[in-house]
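Quick notes on the structure that follows.
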Amino acid sequence: MSLDTFYRDSFVEVDLSAIQYNIHQLQQRLDEKTGVYAVVKADAYGHGDIQVAHAALEAGAEGLAVALLDEAIKLRHAGIDAPILVMGWTRPKDAVVAAEHEIAVTVFQEEWLKEAGLLSFSKSLKVHLKLDTGMGRIGVRSVAEMERILSYMKEENFFSLEALFTHFATADEEGLDYFATQEKRWNELFSHFKRIWPENVEVHTSNSAASMRYPGRLDHYVRFGISMYGLYPSSVVKKERPIDLQPAFSLHSQLIHVKRLEPGESISYGATYRTGNHEWIGTIPLGYADGWIRRLQGMDVLVDGKRQPIVGRICMDQFMIRLDQEYPIGTKVTLIGKQGEQEISADEVADQLETINYEIPCMISNRVPRVFLKDGKTIDIKNSL
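Residue numbers (full-length UniProt numbering): 1 to 385.
So, in structure tokens, the structure goes:
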């Protein structure tokens, strides 16, 4: 692969074929009437929203979900005309913009509707009503709230209620008590909704964990997020392995300097590491400004298919590793991904940071170019610099 279209030695590879594979795996798990919305918020979890959106739609996803109106409009400007839902807060004054771009917004406040209702709409505004069944984030929590919102929507013909949805807080955990509690609250609210709203609306309650573990739910479609990218949402789900997943994200660099140091030499800021014997030390052109943060000191990377530890503090743009032998400048270094029989997964990096795998691809900054592969061939490169 030629990397001549950007000018640094560190890059992310995004395997779009893996993303399509993961969608196909879920589709086989779901009822044939249940569709998939690909969640491409946060630049597709750091993978690249436009490229992932095209790949997901090509694989049979029926629509897209994002967190922000800005993210949705970016997709529209890229020529994507599939249904798009903004799952987070949209300012009432921007409702006209959403309507003009045929973007569905999430609504859960009567005051929001009244403020948006003062605007002049040339197109109806697509609305998804969010029910908070126990996530405690956003959403309607009571029948009274829901009645007031629906009453107002009936009075104003420029609101088009497309769907109801909720989000399960513990669908990826072993214990099912709270999941059952949320499901009970959903059923109570939804039953009341059907009594006062005679028109048919779509329903989507399942995230990655719920869609994989409980595929028999009566969803019109599911929201496929973290697992579309080949990562299981928790160790519990990973152990169960309800479907096979292929990680789409890998992170690579190369050696730019190799030196042999005498015993007792210090490495990096603060002299936190000193060589114990004669040691080969390699320098990698990636650092915490790229998202490879200082807490990853001591983490392994792969060189020549072997694990080599990070030594000394990680700098803004570079870090050092202890090598088992001398290697030539330009030798490939893999931080996330496979080399030979060895693999460093996003889960392993997350464990090192005491966080979840969701955070790992998201934290690799946009100054690291994304190289998009399909069927093993480079089809696109995104470089923000």
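No residue lacks a Cβ here, since even glycine has one placed at the ideal position from N, Cα and C. As the structure is a computational prediction, the values presented were derived from the model and not from experiment.
Touch check for the region 149-165 and the region 187-201: three-plus C-beta pairs under 8 Å? Counting C-beta pairs closer than 8 Å gives three or more between the region 149-165 and the region 187-201, which meets the contact rule.
At which residue ranges does the region 82-144 contain complete beta strand (DSSP E) runs of 3 or more residues, listed in the order of the chain? The region 82-144 contains these whole beta strand (DSSP E) runs: 84-86, 104-107 and 125-130.
Looking at C-beta atoms only, is the number of pairs between the region 237-257 and the region 63-77 that lie closer than 8 Å three or more? no
Buried or exposed, going by whether 16 or more other CB atoms sit within 10 Å of the CB of Asn207? Of the other Cβ atoms in all chains shown, 16 or more fall within 10 Å of the Cβ of Asn207; this residue is therefore buried.
To which residues of the same chain is Pro247 closer than 6 Å at the C-beta, ignoring the five residues directly before and after it? Shown here for Pro247: same chain residues with a beta carbon closer than 6 Å to its own, the five before and five after excluded, namely Gly230 in chain order.
Sufficient close CB pairs (3 or more, under 8 Å) joining the region 291-303 to the region 204-218: no
Unbroken alpha helix (DSSP H) runs of length 4 or more, entirely within the region 173-254: which are they? 177-196, 208-213 and 235-240
Once the 5 residues before and after Ile379 are set aside, which same chain residues still bring their CB inside 6 Å of it? Phe372
Close Cβ partners of Asp49 (< 6 Å) along its chain, the five nearest in sequence each way excluded: Val40 and Asp43
Can you tell which of Ala38, Arg223, Val349 and Asp290 has its C-alpha closest to the C-alpha of Phe11? Looking from the CA of Phe11, the closest CA among Ala38, Arg223, Val349 and Asp290 belongs to Asp290.
Classify Ala163 as helix, strand or coil using the three-state DSSP reduction. strand
If you pair each beta-carbon of the region 172-181 with each one of the region 109-117, do three or more pairs fall below 8 Å? Look at the beta carbons and you see the region 172-181 not touching the region 109-117: under three pairs across the two are nearer than 8 Å.
Pick from Tyr327, Ile310 and Glu326 that is closest to Phe319, judged by C-alpha positions: Nearest of Tyr327, Ile310 and Glu326 to Phe319, Cα basis: Ile310.
Express the C-alpha separation of Ser345 and Asp132 in angstroms, rounding to a whole number. 34 Å
Give the straight-line distance between the Cα atoms of Thr331 and Pro242, rounded to the nearest whole angstrom. Their Cα atoms are separated by approximately 38 Å.
Starting from the C-beta of Glu359, find all residues in its chain whose C-beta is less than 8 Å away, skip the five residues before and the five after it, and write them out in chain order. Ala350 and Leu353
Counting only the same chain and skipping the five closest in sequence on each side, list residues whose C-beta sits under 6 Å from that of Ala209. Result list for Ala209: Ala171, Asp172, Pro233 and Val237, in chain order.
Starting from Met299, follow the alpha helix (DSSP H) in both directions and report where the run begins and ends. Counting along the chain, Met299 falls outside any alpha helix (DSSP H), and DSSP gives it neither H nor E.
Bounding residues of the alpha helix (DSSP H) (the contiguous stretch that carries Leu69): Leu69 to His77
So, under 8 Å CB-CB, Phe190 and Leu164 are touching, yes? Tell me the CB distance rounded to an integer number of Å. 7 Å
Just checking my contact of Phe224 with Tyr37 at CB under 8 Å: how many whole Å lie between their CB atoms? 7 Å
Look at the Cβ atom of Leu296, then the Cβ atom of Ile281, and state whether they are nearer than 9 Å. no
Anticipated Cβ contact below 8 Å, Ser124 with Ala99, distance rounded: 7 Å
Thinking C-beta only, is Ile381 closer than 9 Å to Phe6? yes
Let me check understanding here. Comparing Cα to Cα, which of Gly79, Asp94, Tyr221 and His101 lies closest to Gly60? The residue with the shortest Cα to Cα distance from Gly60 is Tyr221.
For Asp380, name the three-state secondary structure that DSSP assigns. strand
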